[in-house]
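K.L.:
Protein chains: 2
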Amino acid sequence: MKEDGFGPVVVAGLGLIGGSFAKALKKRGSRVFGMVRDPAKALAVLRAGAIDAVADGAMLKECSLVLVALPPAAALEFLREHAGDFAPGSLVIDICGVKRAVCDEAWRIADGRGFRFVGGHPMAGKERSGFGNSSAELFRGASMILCFREPPPPEEFARIEGFFLSLGFDRVVTTDPATHDRIIAHTSQLAHVLSASYVRNRAAREHSGFSAGSFRDMIRVAAMDDAVWSELFIDNRDNLAAEIDELIGSLGRFRDAIRAGERGPLAALIRESAAIKREIDAADTKG
Amino acid sequence: MKEDGFGPVVVAGLGLIGGSFAKALKKRGSRVFGMVRDPAKALAVLRAGAIDAVADGAMLKECSLVLVALPPAAALEFLREHAGDFAPGSLVIDICGVKRAVCDEAWRIADGRGFRFVGGHPMAGKERSGFGNSSAELFRGASMILCFREPPPPEEFARIEGFFLSLGFDRVVTTDPATHDRIIAHTSQLAHVLSASYVRNRAAREHSGFSAGSFRDMIRVAAMDDAVWSELFIDNRDNLAAEIDELIGSLGRFRDAIRAGERGPLAALIRESAAIKREIDAADTKG
Chain A
0 MKEDGFGPVV VAGLGLIGGS FAKALKKRGS RVFGMVRDPA KALAVLRAGA IDAVADGAML
60 KECSLVLVAL PPAAALEFLR EHAGDFAPGS LVIDICGVKR AVCDEAWRIA DGRGFRFVGG
120 HPMAGKERSG FGNSSAELFR GASMILCFRE PPPPEEFARI EGFFLSLGFD RVVTTDPATH
180 DRIIAHTSQL AHVLSASYVR NRAAREHSGF SAGSFRDMIR VAAMDDAVWS ELFIDNRDNL
240 AAEIDELIGS LGRFRDAIRA GERGPLAALI RESAAIKREI DAADTKG
Chain V
0 MKEDGFGPVV VAGLGLIGGS FAKALKKRGS RVFGMVRDPA KALAVLRAGA IDAVADGAML
60 KECSLVLVAL PPAAALEFLR EHAGDFAPGS LVIDICGVKR AVCDEAWRIA DGRGFRFVGG
120 HPMAGKERSG FGNSSAELFR GASMILCFRE PPPPEEFARI EGFFLSLGFD RVVTTDPATH
180 DRIIAHTSQL AHVLSASYVR NRAAREHSGF SAGSFRDMIR VAAMDDAVWS ELFIDNRDNL
240 AAEIDELIGS LGRFRDAIRA GERGPLAALI RESAAIKREI DAADTKG
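Heads up: the protein sequence lines correspond to chains A and V, in order. Under numbering that gives the first Met the number 0, think of the first position of the first sequence as 0, with each following residue one higher. Under numbering that gives the first Met the number 0, think of the first position of the second sequence as 0, with each following residue one higher.
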């Protein structure tokens with residue numbers, strides 16, 4: 000275990016993401032206290048060895064790092080409920096897929112209290128949610144996005160960055176909530192809406208024997224958890240609706256070119272898209 | 000090598016698919032004759048060991064199986080040019096991603112000639128085309144779609160099926176050109192149009208650090224070969240335009256539910272899509 004001085008860590012919420020944090024923390028040698036509302040689930044997670052103990056709010060006083068792995072509204076509810084329980088100077092980080100809806104309110108809750116809130120979003124997931132699908136390896140190669148209210152001193156940032164790298168993350172990216180929500184609306188939310196829309200076409204159910212990798216890639220994330228994603232989509236509705244509209248515009252251009260039946264304009268559209276794809280690939284290789 | 004009586008095989012066109020057929024044929028022990036227009040390319044393929052010899056039309060007389068691995072118009076051109084060269088009773092199979100535009104005309108060309116044409120479409124591909132990306136393993140786990148003009152006798156079908164299974168295919172599926180084109184418009188063509196549309200949203204270029212698996216899956220096939228795909232899309236324009244319209248309809252429903260900001264109706268849409276996805280997965284597991 001790295002000596003980053005964080006000591007034992009509280010993980011509140013033990014679904015796919017919280018469970019994976021707990022397991023990755025245990026793997027690096029941290030002591031992990033789990034907080035879950037459902038006692039049966041708490042016991043199951045304890046028996047699975049993903050946490051050292053089931054904790055309640057009293058334990059928050061003794062820990063300098065708390066990961067809140069709950070959906071947006073539940074995360075804010077947790078912060079409100081425990082605003083007076085956190086240890087002075089402790090760091091409280093959430094994992095929500097939207098940041099405006101969480102950070103602004105979380106920073107208000109932290110005002111005048113002794114704890115520091117940092118918005119977090121691990122860019123890792125799986126097509127199936129729940130503790131049963133969690134893994135100590137979930138974050139391997141992923142980036143961890145952090146939204147600080149004010150830039151931390153370099154040595155403090157390095158300590159936090161080192162913590163996340165020790166859990167398998169590839170890099171830590173900092174941004175502000177508005178930028179996060181705007182880009183995530185495309186890279187994650189639109190991809191999920193697309194997958195969920197694509198399977199609705201009647202022909203999807205006839206795919207057997209007529210499909211290959213492109214079909215499988217397209218449908219992979221179509222079976223979302225409706226409670227989790229309906230909240231995230233609506234919290235980011237302005238950005239996501241704009242992304243869908245922009246995509247519908249491009250699809251319309253392709254459809255019109257295809258319907259017109261002239262190869263030249265269609266080939267030009269295809270080439271433009273291919274050039275963007277290659278730009279994205281090249282940036283990835285560099286970065 | 001299996002004793003299916005096909006003897007040496009001619010592969011006309013040695014791009015990604017033709018090259019992969021040549022390599023898979025060599026791997027199972029077949030003698031392979033390659034036909035390519037460009038002499039420099041023919042020599043390169045020969046040197047790479049993917050074929051035993053470079054052939055011209057004269058060789059067709061000596062082979063009972065010809066795989067035409069060319070785009071639709073070029074494949075028909077090849078059939079017209081060599082209609083008199085094929086050996087009596089020989090089997091000529093194309094690999095085009097559309098079947099109406101190829102089969103009807105190919106069957107006309109075969110009328111009164113001694114060869115039998117069967118429409119083929121291997122459900123395998125890669126995001127990069129060309130012989131350089133071909134592989135003897137490309138067809139592993141894939142299905143091979145065949146369109147027969149009339150159902151062949153069972154023993155003849157078994158012989159053809161055995162041939163494709165010996166190249167790594169998982170199964171052989173038979174259908175008619177119209178059904179093929181209707182389903183493929185969704186499972187392959189729409190997936191490609193979607194990917195090429197998705198990368199056009201401005202935020203795609205800002206993805207670095209803000210993306211994970213769903214973004215990568217979504218963009219994988221966005222860099223299509225414009226010559227190949229513009230032809231395939233336009234040959235299947237009625238089906239593909241209808242697929243795009245159907246998808247735009249679903250995207251609009253998601254957008255409206257998201258914009259309305261009420262979780263209930265949005266969650267219901269998400270659940271419907273998830274149920275379809277699970278249906279597709281269950282059908283895959285069964286068979």
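Just so it is clear, CB atoms sit at the ideal spot from N, CA and C, and this is done for glycine as well.
Within a Cβ cutoff of 6 Å, which residues of the same chain sit near leucine 78(V), ignoring the five residues on either side of it in sequence?
P.N.:
The sequence position of residue 78(V) within the second sequence is 79, counting from 1. Excluding sequence neighbours, leucine 78(V) sits near Ala105, Ile108.
K.L.:
For a contact defined as C-beta to C-beta under 9 Å, what are the partners of valine 172(A) on chain V?
P.N.:
Here residue 172(A) corresponds to residue number 173 of the first sequence, with the count starting at 1. Result: Ser207, Gly208, Phe209.
K.L.:
Give the residues of chain V in contact with phenylalanine 116(A), contact being defined as C-beta atoms less than 9 Å apart.
P.N.:
Within the first sequence, numbered from 1, the residue matching residue 116(A) stands at position 117. Ordered by position in chain V, no residue passes the 9 Å Cβ test against phenylalanine 116(A), which lies about 21 Å from the chain.
K.L.:
For glycine 119(V), which option in Val65(V), Glu126(V), Ala184(V) has the closest C-alpha, if you only look at C-alpha atoms?
P.N.:
The residue you call residue 119(V) lines up with position 120 of the second sequence. Taking only the C-alpha atoms, the option nearest glycine 119(V) is Val65(V).
K.L.:
Using a Cβ-Cβ cut-off of less than 7 Å, give me the residues of the stretch 73-107 of chain V that come near chain A, in sequence order.
P.N.:
none
K.L.:
Please state if the CB of alanine 49(A) and the CB of lysine 22(A) are separated by a distance shorter than 8 Å.
P.N.:
By 1-based counting over the first sequence, the position of residue 22(A) is 23. By 1-based counting over the first sequence, the position of residue 49(A) is 50. Contact flag set, yes.
K.L.:
Scan the stretch 26-89 of chain A and note each continuous beta strand (DSSP E) run of 3 residues or more that stays entirely inside, going in chain order.
P.N.:
31-34, 64-67
K.L.:
If you scan the stretch 175-248 of chain V from start to end, which runs of the alpha helix (DSSP H) of 4 or more residues do you find wholly inside it?
P.N.:
176-183, 190-197, 212-218, 225-234
K.L.:
Starting from the beta carbon of isoleucine 243(A), find every residue of chain V whose beta carbon is closer than 7 Å, and list them in chain order.
P.N.:
One-based indexing of the first sequence puts residue 243(A) at position 244. Leu250, Phe253, Arg254, listed in chain order.
K.L.:
Since isoleucine 92(V) sits in a beta bridge, which residues does DSSP pair it with?
P.N.:
Translated into positions along the second sequence, residue 92(V) becomes position 93. Paired residue(s): Leu66(V), Val117(V).
K.L.:
Taking 8 Å as the threshold (beta carbon to beta carbon), is phenylalanine 156(V) in contact with chain A?
P.N.:
Position 157 of the second sequence holds residue 156(V). No, phenylalanine 156(V) does not count as interfacial toward chain A.
K.L.:
What span of residues does the beta strand (DSSP E) with leucine 145(V) cover, start to end?
P.N.:
Taking the second sequence and counting its residues from 1, the one referred to as residue 145(V) is at position 146. Where leucine 145(V) is concerned, the enclosing beta strand (DSSP E) stretches over 142-146.
K.L.:
Can you give me the C-alpha to C-alpha distance between leucine 166(V) and glycine 111(V), rounded to a whole angstrom?
P.N.:
Taking the second sequence and counting its residues from 1, the one referred to as residue 166(V) is at position 167. Taking the second sequence and counting its residues from 1, the one referred to as residue 111(V) is at position 112. Near 31 Å, if we compare the C-alpha coordinates of glycine 111(V) and leucine 166(V).
K.L.:
Is it the case that the Cβ atoms of aspartate 225(A) and alanine 259(V) are separated by a distance below 8 Å?
P.N.:
On the first sequence, position 226 is the one that residue 225(A) refers to. On the second sequence, position 260 is the one that residue 259(V) refers to. Result no, Cβ atoms of aspartate 225(A) and alanine 259(V) do not sit closer than 8 Å.
K.L.:
Locate the beta strand (DSSP E) running through alanine 157(A), then write down its first and last residues.
P.N.:
By one-based count along the first sequence, residue 157(A) stands at place 158. Not the beta strand (DSSP E): alanine 157(A) falls in the alpha helix (DSSP H), residues 153-164.
K.L.:
Among all the DSSP beta bridges, which residues are the ones paired with valine 9(V)?
P.N.:
Start at 1 with the first residue of the second sequence, and residue 9(V) comes out as number 10. Phe32(V), Val65(V).
K.L.:
Quickly, what does DSSP pair arginine 287(V) with across the bridge? List them, please.
P.N.:
For residue 287(V) there is no data in the structure shown, the boundaries of chain V being 0 and 286.
K.L.:
Could you tell me the alpha carbon to alpha carbon distance between alanine 211(V) and phenylalanine 114(V), rounded to whole angstroms?
P.N.:
Locating residue 211(V) in the second sequence gives position 212, where the first residue counts as 1. Locating residue 114(V) in the second sequence gives position 115, where the first residue counts as 1. One C-alpha to the other measures close to 51 Å.
K.L.:
Which residue wins for smallest C-alpha separation from valine 53(V), given the options Leu246(V), Met34(V), Leu231(V)?
P.N.:
As a position in the second sequence, residue 53(V) is number 54, starting the count at 1. Considering only alpha carbons, the answer is Met34(V).
K.L.:
Quick check on proline 150(A): does DSSP put it in helix, strand or coil?
P.N.:
As a position in the first sequence, residue 150(A) is number 151, starting the count at 1. Coil.
K.L.:
Say whether the stretch 140-149 of chain V touches the stretch 195-207 of chain V, bearing in mind that this needs 3 or more beta-carbon pairs closer than 8 Å, one atom from each stretch.
P.N.:
no
K.L.:
State yes or no: is the beta carbon of serine 133(V) nearer than 8 Å to at least one beta carbon in chain A?
P.N.:
As a working note, residue 133(V) is residue 134 in the second sequence. The Cβ of serine 133(V) sits no closer than 8 Å to any Cβ of chain A.
K.L.:
Which chain V residues are close to isoleucine 144(A), counting only those with a beta carbon under 8 Å from its beta carbon?
P.N.:
For the purposes of this step, residue 144(A) is taken as the residue at position 145 of the first sequence. Per Cβ cutoff of 8 Å: Gly208, Phe209.
K.L.:
Please classify lysine 60(V) as buried or exposed, where buried requires at least 16 other C-beta atoms within 10 Å of its C-beta.
P.N.:
Position 61 of the second sequence, counted from the start, is the residue given in the question as residue 60(V). It is exposed - the Cβ of lysine 60(V) has fewer than 16 other Cβ atoms within 10 Å.
K.L.:
Excluding the 5 residues preceding and the 5 following valine 8(A) in the sequence, name in chain order all residues of the same chain whose CB lies nearer than 6 Å to its CB.
P.N.:
The sequence position of residue 8(A) within the first sequence is 9, counting from 1. The answer, listed in chain order, is Leu24, Ser29, Val31, Leu64.
K.L.:
For glutamate 136(A) and leucine 193(A), I'd like the C-alpha separation in whole angstroms.
P.N.:
Within the first sequence, the letter at position 137 stands for residue 136(A). Within the first sequence, the letter at position 194 stands for residue 193(A). C-alpha separation (whole angstroms): 27 Å.
K.L.:
So methionine 223(A) contacts chain V; which residues on that side make the cut at Cβ distance below 7 Å?
P.N.:
As a position in the first sequence, residue 223(A) is number 224, starting the count at 1. By Cβ distance, chain V contributes Ile269, Ala273.
K.L.:
Just by C-beta distance, which residues in the stretch 186-203 of chain V are closer than 8 Å to chain A?
P.N.:
Thr186, Ser187, Leu189, Ala190, His191, Val192, Leu193, Ser194, Ala195, Ser196, Tyr197, Val198, Arg199, Asn200, Arg201, Ala202, Ala203
K.L.:
Taking the straight line between their C-alpha atoms, what separation do you get for alanine 241(V) and alanine 184(V)?
P.N.:
For the purposes of this step, residue 241(V) is taken as the residue at position 242 of the second sequence. For the purposes of this step, residue 184(V) is taken as the residue at position 185 of the second sequence. One C-alpha to the other measures close to 9 Å.
K.L.:
Decide if the stretch 231-241 of chain V is in contact with the stretch 152-168 of chain A; the criterion is three or more beta carbon pairs, one per stretch, under 8 Å apart.
P.N.:
Fewer than three Cβ pairs drawn from the stretch 231-241 of chain V and the stretch 152-168 of chain A lie within less than 8 Å of each other, which leaves the two stretches out of contact.
K.L.:
Would you mind telling me which residues of chain A sit closer than 9 Å to glycine 124(V), beta carbon to beta carbon, in chain order?
P.N.:
As a position in the second sequence, residue 124(V) is number 125, starting the count at 1. Per Cβ cutoff of 9 Å: Ala211, Gly212, Ser213.
K.L.:
Helix, strand or coil for glutamate 271(A) per DSSP?
P.N.:
Looking up residue 271(A) in the first sequence gives position 272. Here glutamate 271(A) sits in helix by DSSP.
K.L.:
State yes or no: is the C-beta of serine 187(A) within less than 8 Å of the C-beta of phenylalanine 214(V)?
P.N.:
On the first sequence, position 188 is the one that residue 187(A) refers to. On the second sequence, position 215 is the one that residue 214(V) refers to. It is a contact, given that the beta carbons lie within the stated cut-off.
K.L.:
Quick one: Cα of proline 95(A) to Cα of alanine 100(V), how far?
P.N.:
As a first step, residue 95(A) must be located in the first sequence, where it is residue number 96. As a first step, residue 100(V) must be located in the second sequence, where it is residue number 101. Looking at the sequence shown, residue 95(A) is not proline but cysteine. Rounded to whole angstroms, the gap between the alpha carbons of cysteine 95(A) and alanine 100(V) is 50 Å.
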